[in-house]
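Each residue of the sequence shown is one higher than the one before, counting from 1 in full-length UniProt numbering.
Here's the structure we're looking at; comments come further down.
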Amino acid sequence: MATAAGASSPARRRPRRGSKGPNSDLSRTLTDCTRRGDAATAMAAFDSALSGPDAPRLLAHQYNQLFHLLATADADSLPNAAAAARRVFSHMLGSGASPSEATITSLARVTASDASNPAAADEAFDLVATMRDKYGVAPRLRSYSPVLAAFRRAGEAGKAYAVDAHMEASAVAPEEPEIAALLDVSAKAGDADKVYEYMHKLSRTVDCVGEETAEVLEGWFRSGKAAMAGKAEWDACKVKDAIVANGGGCHRLGWLGTGPWTVQRVRVGGDGQCEGCGCRLACVDIDVEETQRFADSVAGLALQRETKINFSQFQEWLEEHGAYEAIVDGANIALYQQNFAEGGFSLTQLDAVVTELRDRYNGKWPLVVLHNKRIAKLMENASNRHLIETWRANGALYTSPIGSNDDWYWLYAAIRLNCLLVTNDEMRDHIFELLGSSFFPKWKQRHQVKYTFSKGKAVLMMPPPYSSEIQESEMGSWHVPMEEKSGDDRARIWLCIDRTGHCKHPHEAPAANGVVQDVSPTEASHGCEQRRAEHNGGSLTGKRKDRN
């Protein structure tokens, strides 16, 4: 029987989406197994699909589904996960699929967890270390973490340090879990220098530590190796200078003192006094180099956005007059809560802040920054004119020129002079411009003074008296804050780590960069030279020694 033209043979049709086929069946199985976390069933489906005559060609994300399942597989349900992962990876390379960072990371994770293979951690590290050269993909922190954990379990300190070095070379910054692993492997190896190094890396990375890290630190400081680490004599002035240069929270000059450590879990009072050893904690600032970079970056941005000659003249003026304890954002204060019918630019409020600052700093004038257009209008009033002329005569006023943004002026002055900044401005615009300055939040916490008014009197809200971050004292003791989920510093638990009897002055705040509420950053910075002169006259008590 004749058929219609063109219908002598059935036409080959492309399978519709959702139609049955080897790959579609495998795809559904892998998706279902991923949802349930069933690695064994997924591998069975993979092996079955490949054994058939029409072996499917897997997509890259399907391989990654398998690697993810194998990396998280329970040893009881799939005891040979590492061997299965190697088999899948071999098939992936043979099929021409390109491994991604996620591929190598999952493969390294399952390889590192292979307890039956003594070289598992080395193989995993090789996978991560060569992924860029072999496959053109860059490792991430998650790539290194399982390798570091494997060397930690094996007690391979040298190899753990090699992982850390490779991370640094790859511009990958460790976080608390990785640093805790490095601390633990160093402590168990008895490597005091490495423990000290990673203590400071930890302090630069996190403010507060979790329970696991706290237990690692407690284990180290209670060990015999920790008791033997340190020196009986040190240059006290050099240590104090280093603390000031580092912002008040550490000296980074090595273990001080000898003998066993006392480790306690304590709380810290609202004034910063440790309930364990009685020492006063510091309000930690950014260090000297960070301050200089911060000032330079603000100046650079200002010179791009302002009339260059105007801002350059301000920089020169500041170098000649710069001896202030506080910079005052004049417009912010004068316009505070003035959004009512009779409201305006309140010079009375600004004068109240200036008066409060002078009372606090023994009559010393702050620097008020105001835009020139504000001054011109204020000078029309006789009483305002007298006040403004008084400020000018005492070097307490700088007027930014017409067309400028006075924000750049008061921000730069406060950073350059390392002093307080009185403003309620949240400075979000500046944070946006300075995204590269990760230390800006710390600087702001240490230097910004907010204000309000009560019965016409300015009420200044000074920076906190101490910082909830890891601190190393001039006597060699350590204070490590633990995570507090409530956010209430009064409830926070601290590790107080001290060699017996080394906290000589329990109620004396450390002589560092702005430690207590009544000490400004400028005063603290100047204090170093004064201390050096004092120490030149005689020897110090205890086990410290003077600089020759």
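Backbone N, C-alpha and C define an ideal beta-carbon position, used for all residues, glycine too.
Whole-angstrom distance between residue j and residue i, CA atom to CA atom
{"i": "residue 550", "j": "K485", "result": "Residue numbering for the chain in the displayed model covers 1 to 548; residue 550 lies beyond these limits and cannot be assessed."}
{"i": "M92", "j": "L107", "result": "12 Å"}
{"i": "Y144", "j": "S170", "result": "11 Å"}
{"i": "L26", "j": "A84", "result": "17 Å"}
{"i": "D164", "j": "A149", "result": "12 Å"}
{"i": "S468", "j": "R265", "result": "15 Å"}
{"i": "A119", "j": "K444", "result": "49 Å"}
{"i": "M131", "j": "D285", "result": "40 Å"}
{"i": "R360", "j": "G248", "result": "22 Å"}
{"i": "T452", "j": "G224", "result": "54 Å"}
{"i": "A214", "j": "K188", "result": "15 Å"}
{"i": "L335", "j": "F311", "result": "24 Å"}
{"i": "W410", "j": "C283", "result": "22 Å"}
{"i": "G330", "j": "L350", "result": "6 Å"}
{"i": "A242", "j": "I415", "result": "20 Å"}
{"i": "V244", "j": "Q313", "result": "30 Å"}
{"i": "F345", "j": "R374", "result": "8 Å"}
{"i": "L182", "j": "A97", "result": "35 Å"}
{"i": "D184", "j": "Q471", "result": "20 Å"}
{"i": "L30", "j": "E168", "result": "36 Å"}
Beta-carbon proximity check, residue i vs residue j, cutoff 7 Å
{"i": "V88", "j": "L66", "result": "yes"}
{"i": "I327", "j": "L367", "result": "yes"}
{"i": "N372", "j": "T399", "result": "yes"}
{"i": "S186", "j": "V195", "result": "yes"}
{"i": "S176", "j": "V137", "result": "Note on identity: in this sequence residue 176 is Glu, with Ser being the wrong assignment. Contact flag unset, no."}
{"i": "V353", "j": "A458", "result": "yes"}
{"i": "D498", "j": "C277", "result": "yes"}
{"i": "I493", "j": "M482", "result": "yes"}
{"i": "A229", "j": "W255", "result": "yes"}
{"i": "A180", "j": "V147", "result": "no"}
{"i": "S77", "j": "A121", "result": "no"}
{"i": "A71", "j": "V110", "result": "yes"}
{"i": "A112", "j": "H166", "result": "no"}
{"i": "G272", "j": "P465", "result": "yes"}
{"i": "C419", "j": "Y324", "result": "yes"}
Start-to-end residues for the alpha helix (DSSP H) that takes in residue i
{"i": "R499", "result": "Here R499 belongs to no alpha helix (DSSP H); instead the beta strand (DSSP E) covers 494-499."}
{"i": "V195", "result": "192-205"}
{"i": "D164", "result": "157-169"}
{"i": "I104", "result": "101-112"}
{"i": "A149", "result": "141-154"}
{"i": "F345", "result": "No alpha helix (DSSP H) contains F345, which DSSP labels as neither H nor E."}
{"i": "L127", "result": "120-135"}
{"i": "C314", "result": "The sequence shown places Phe at residue 314, rather than the Cys named in the question. It spans 308-321 - the alpha helix (DSSP H) in which F314 sits, taken as one unbroken run."}
Bounding residues of the beta strand (DSSP E) (the contiguous stretch that carries residue i)
{"i": "Q448", "result": "448-454"}
{"i": "V459", "result": "457-461"}
{"i": "P174", "result": "Run containing P174: none; DSSP gives neither H nor E here."}
{"i": "V480", "result": "478-481"}
{"i": "D329", "result": "326-329"}
Buried/exposed call for residue i, threshold 16 Cβ in 10 Å
{"i": "S404", "result": "buried"}
{"i": "E212", "result": "exposed"}
{"i": "P441", "result": "exposed"}
{"i": "S454", "result": "exposed"}
{"i": "A413", "result": "buried"}
{"i": "K159", "result": "buried"}
{"i": "G363", "result": "exposed"}
{"i": "D38", "result": "buried"}
{"i": "H507", "result": "Here H507 scores only 44 on pLDDT, less than 50, and its place in the model is too uncertain to base an answer on."}
{"i": "G52", "result": "exposed"}
{"i": "T105", "result": "buried"}
{"i": "H479", "result": "buried"}
{"i": "Q304", "result": "exposed"}
{"i": "A512", "result": "The predicted model places A512 with a pLDDT of 36, which falls under 50 and marks its position as unreliable; any figure quoted below should be read in that light. The residue in question, A512, is buried, as its Cβ has 16 or more Cβ neighbours within 10 Å."}
{"i": "residue 560", "result": "Residue 560 cannot be examined here, being either before or after the span of the chain that is shown, 1 to 548."}
{"i": "N64", "result": "buried"}
- Inside the segment 17-87 only - alpha helix (DSSP H) runs reaching at least 4 residues: 22-36, 39-51, 60-71
- Message: Which runs of the beta strand (DSSP E) at least 3 residues long sit entirely within the segment 221-292? Give them in chain order.
- Response: Runs of the beta strand (DSSP E) inside the segment 221-292: 261-266.
- Message: Runs of 4 residues minimum, wholly inside the segment 366-447: which ones carry the alpha helix (DSSP H) assignment?
- Response: Those alpha helix (DSSP H) runs which fall completely within the segment 366-447 and span 4+ residues are 372-378, 382-393, 406-416, 428-433, 440-447.
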